[in-house]
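Listed in order, the protein sequences are those of chains A and B.
Counted the way the working numbering counts, the first sequence spans residues 2 to 98.
Counted the way the working numbering counts, the second sequence spans residues 12 to 326.
Worksheet: the structure to be examined is printed underneath.
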Amino acid sequence: MLSGQAADKLLCAHQRCETIPGFLTSPRRCAKKLPMYVNWEGKDYVFEKPMLVSRLLQELKVSAEGHLVVANNRLVTEDHRLDADDSVKVIRVVSGG
Amino acid sequence: MKCRVCGQTASISLRSHKTAFCDTHFLTFFEKRVNTTIRRYRLIGDGDRPVVAVSGGKDSLSLWVFLTRMGITADGVYVDLGIGDYSRVSLEKIKAVADRIGRKVHIFHVPDVFGRGISEVAKGLRRVPCSACGMIKRYVMNKVCMDKGYNLLLTGHNLDDEAAALFGNVLYWKKEYLWRKDIVLDAKDGHLSRKAKPFFLCSEREVAAYAVISGIDYIYEECPFSKGAKTITYKGILGSLEEVSPGTKLMFVKGYLKELREMKEMRQDDGEAAAGFEAQFCPVCGYPSGGGECGFCRTLQKFELPYSARFEEYG
Numbered sequence: 002m003l004s005g006q007a008a009d010k011l012l013c014a015h016q017r018c019e020t021i022p023g024f025l026t027s028p029r030r031c032a033k034k035l036p037m038y039v040n041w042e043g044k045d046y047v048f049e050k051p052m053l054v055s056r057l058l059q060e061l062k063v064s065a066e067g068h069l070v071v072a073n074n075r076l077v078t079e080d081h082r083l084d085a086d087d088s089v090k091v092i093r094v095v096s097g098g
Numbered sequence: 012m013k014c015r016v017c018g019q020t021a022s023i024s025l026r027s028h029k030t031a032f033c034d035t036h037f038l039t040f041f042e043k044r045v046n047t048t049i050r051r052y053r054l055i056g057d058g059d060r061p062v063v064a065v066s067g068g069k070d071s072l073s074l075w076v077f078l079t080r081m082g083i084t085a086d087g088v089y090v091d092l093g094i095g096d097y098s099r100v101s102l103e104k105i106k107a108v109a110d111r112i113g114r115k116v117h118i119f120h121v122p123d124v125f126g127r128g129i130s131e132v133a134k135g136l137r138r139v140p141c142s143a144c145g146m147i148k149r150y151v152m153n154k155v156c157m158d159k160g161y162n163l164l165l166t167g168h169n170l171d172d173e174a175a176a177l178f179g180n181v182l183y184w185k186k187e188y189l190w191r192k193d194i195v196l197d198a199k200d201g202h203l204s205r206k207a208k209p210f211f212l213c214s215e216r217e218v219a220a221y222a223v224i225s226g227i228d229y230i231y232e233e234c235p236f237s238k239g240a241k242t243i244t245y246k247g248i249l250g251s252l253e254e255v256s257p258g259t260k261l262m263f264v265k266g267y268l269k270e271l272r273e274m275k276e277m278r279q280d281d282g283e284a285a286a287g288f289e290a291q292f293c294p295v296c297g298y299p300s301g302g303g304e305c306g307f308c309r310t311l312q313k314f315e316l317p318y319s320a321r322f323e324e325y326g
């Protein structure tokens, strides 16, 4: 159960997020359910529920070969199940020009 | 997924090697592979005094940290291109790593020498920024070796960089570039330093994982001028192939190296290697050139600036 303060915090964070299919669209829902935060390319995204890393990469439409996923400052493999309170970051590994 | 060595939860799976590792054993695996590459291709000798070309990205900073871990002392050289926050943040990351490993970094400031950033320099030359950047970087990296007594320039080029460049050269049959790529390029005429790429056979994903696990704080942002670069498109295509058929990139680049070795041996047998090339040098600075002034000196002349290639030292 979220306290008022935590809910407000989530609400604020969610309002920054981009709305794409599979993502939460309503700040009210966001506050009610504890979603999963994902930082990708410098932006915060919120997912309705925890999921496998492979599923997360599918949702973001990015390749597993070109990306690494860090959960709570640790690298995780595609079969790792992400929890709601995990701090998740997706890192693009391709660089150059 | 479990670590192949200890059975603990794996932190990275490597499909091209059909294996997975935890943090500790991935570091061991990675370092062993790079050490094997260094030995097999004789990239770094006992008496060498190397310098690492650092950009603030994962590859160069990982290479710098890797060398320090292996007991190879190497300073760094950085070219500040004057690209606003991108250059500023890159330099901050480099300085942080220099402090961490206790090494010195030589910094060449493009705005100080040319009076403008790389974008303006490129405009003045009517070239794209990447072309002007490449020309200045090649010159400066070589200059630091010649002036500061380093006999080996190490760069963080990885398997994906090499595969993408090779793919581009094959796609357009750029024969003039195709057979020039190598894991090590020998010194020439006392004017060009030796160059080597220890991460040549390590994928970009492996290097990024090494950086993350080693706690290296590198710049995630791309150079703003790299948007739409063909190299990134080629990497995407090769990445798709790798997804379907893991190990493709490694086979592609290793196959190229094998062909290159065979071709070089054939040329040596035919006595072609020494024929047909007479070195020419810039009358201003002595850098090898195609005839007349080198690109760096011509650029300075274009902006009516005196010759200067000074470095700031940090650390």
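Glycine included, every Cβ here is placed at the ideal spot set by N, Cα and C.
Check                                                                                                                                                                 : Outcome
Got a sec: is the Cβ-Cβ distance from Val63 (chain A) to anything in chain B below 8 Å?                                                                               : no
With a 10 Å radius around its C-beta and 16 neighbouring C-beta atoms as the bar for buried, classify Leu182 (chain B) as buried or exposed.                          : exposed
Using beta carbons (cut-off 8 Å, strictly below), is Gly250 (chain B) in contact with chain A?                                                                        : yes
Rounded to whole angstroms, how far is the Cβ of Leu83 (chain A) from the Cβ of Pro36 (chain A), which I believe are closer than 8 Å?                                 : Not confirmed; about 11 Å, so no contact.
Would Met12 (chain B) pass as an interface residue toward chain A - the criterion being a Cβ-Cβ separation below 8 Å?                                                 : yes
Spell out the partners DSSP gives Tyr325 (chain B) in its beta bridges.                                                                                               : B:Val116
Quick one: which residues of the region 38 to 53 of chain A get their C-beta closer than 8 Å to a C-beta of chain B? List them in chain order.                        : Gly43
Could you say which of B:Leu163, B:Tyr97, B:Gly297 lies nearest to Ala85 (chain B) if we only look at CA atoms?                                                       : B:Leu163
Put Thr202 (chain B) into one of helix, strand or coil per three-state DSSP.                                                                                          : The sequence shown places His at residue 202 (chain B), not Thr. Of the three classes helix, strand and coil, the one that applies to His202 (chain B) here is coil, per DSSP.
Please list the residues of the region 68 to 85 of chain A that have a C-beta atom closer than 7 Å to any C-beta atom in chain B, keeping them in chain order.        : Leu69, Val71, Arg75, Leu76, Val77, Thr78, Glu79, Asp80
Flag this pair as yes or no: are the beta carbons of Val95 (chain A) and Ile112 (chain B) separated by less than 8 Å?                                                 : no
Could you list which residues in chain B have their beta carbon closer than 7 Å to that of Val89 (chain A), in chain order?                                           : Those within 7 Å of Val89 (chain A) in chain B number zero; the least Cβ separation is about 13 Å.
Note down, in chain order, each residue of its chain lying with its Cβ closer than 8 Å to the Cβ of Leu57 (chain A), except the 5 sequence neighbours on either side. : Val39, Phe48, Val70, Leu83, Val89, Val91
Measuring straight from C-alpha to C-alpha, what distance separates Asp172 (chain B) and Pro61 (chain B)?                                                             : 21 Å
Mind listing the chain B neighbours of Glu66 (chain A)? Cutoff is C-beta to C-beta under 7 Å, in chain order.                                                         : Arg216, Gly250, Glu253, Glu254
Give a yes or no on whether the minimum CB-CB distance between Asp4 (chain B) and chain A is below 8 Å.                                                               : With chain B covering only 12 through 326, there is no way to say anything about residue 4 (chain B).
Any beta carbon from chain A within less than 8 Å of Ile243 (chain B)'s own beta carbon?                                                                              : yes
Can you tell me which of B:Glu324, B:Phe322, B:Glu315 puts its alpha carbon nearest to the alpha carbon of Val132 (chain B)?                                          : B:Glu315
Helix, strand or coil for Ile83 (chain B) per DSSP?                                                                                                                   : coil
From the DSSP secondary-structure annotation, give me the bridge partner or partners of Ser256 (chain B).                                                             : Looking at the DSSP assignment, Ser256 (chain B) forms no beta bridge with any residue, so it has no partner.
Could you work out which residues of chain A lie near Gly68 (chain B), taking near to mean beta carbons separated by less than 7 Å?                                   : Ser96
So with CB distances below 8 Å, who are the chain A contacts of Ile94 (chain B)?                                                                                      : By Cβ distance, chain A contributes nothing, its closest Cβ being about 12 Å from Ile94 (chain B), past 8 Å.
Specify the secondary structure class of Lys238 (chain B) as computed by DSSP and reduced to three states.                                                            : coil
Closest to Ala109 (chain B) by CA distance: which of B:Lys13, B:Gly258, B:Phe77, B:Gln279 is it?                                                                      : B:Phe77
Could you pull the DSSP bridge partners for Tyr89 (chain B) from this structure?                                                                                      : B:Ile118
Between which two residues does the alpha helix (DSSP H) containing Leu57 (chain A) stretch?                                                                          : 54 to 60
If I measure Cβ to Cβ from Thr166 (chain B) and keep anything under 6 Å in the same chain, skipping five residues before and after, which residues do I get?          : Ala64, Lys208
Compare the C-beta of Lys246 (chain B) against all C-beta atoms of chain A and say whether one is closer than 8 Å.                                                    : yes
Could you please give me the residues that DSSP links to Pro61 (chain B) through a beta bridge?                                                                       : B:Leu163
Just the Cα atoms here: how many angstroms apart are Ser130 (chain B) and Cys308 (chain B)?                                                                           : 18 Å
Exposed or buried, what is Gln312 (chain B) when buried is set at 16 or more other beta-carbons lying within 10 Å of its beta-carbon?                                 : exposed
Quick one: what's got a C-beta closer than 6 Å to Ser22 (chain B)'s C-beta in the same chain, skipping five residues either side?                                     : Cys33, Asp34
Can you tell me the Cα-Cα spacing of Phe263 (chain B) and Ser256 (chain B), whole angstroms?                                                                          : 12 Å
What does a CB cutoff of less than 6 Å around Gly23 (chain A) pick up in its chain, not counting 5 residues either side in sequence?                                  : Confidence at Gly23 (chain A) is low in this model, with a pLDDT of 48, below 50, so the placement of that residue is unreliable and no value is reported for it.
Would you please verify whether the beta carbon of Ala133 (chain B) is less than 8 Å from any beta carbon of chain A?                                                 : no
Quick one: residues in its chain with C-beta nearer than 7 Å to the C-beta of Asp230 (chain B), no 5 flanking neighbours on either side, listed in chain order?       : The sequence given here has Ile at residue 230 (chain B), not Asp. The answer, listed in chain order, is Gly67, Gly68, Val100, Ser101, Lys104.
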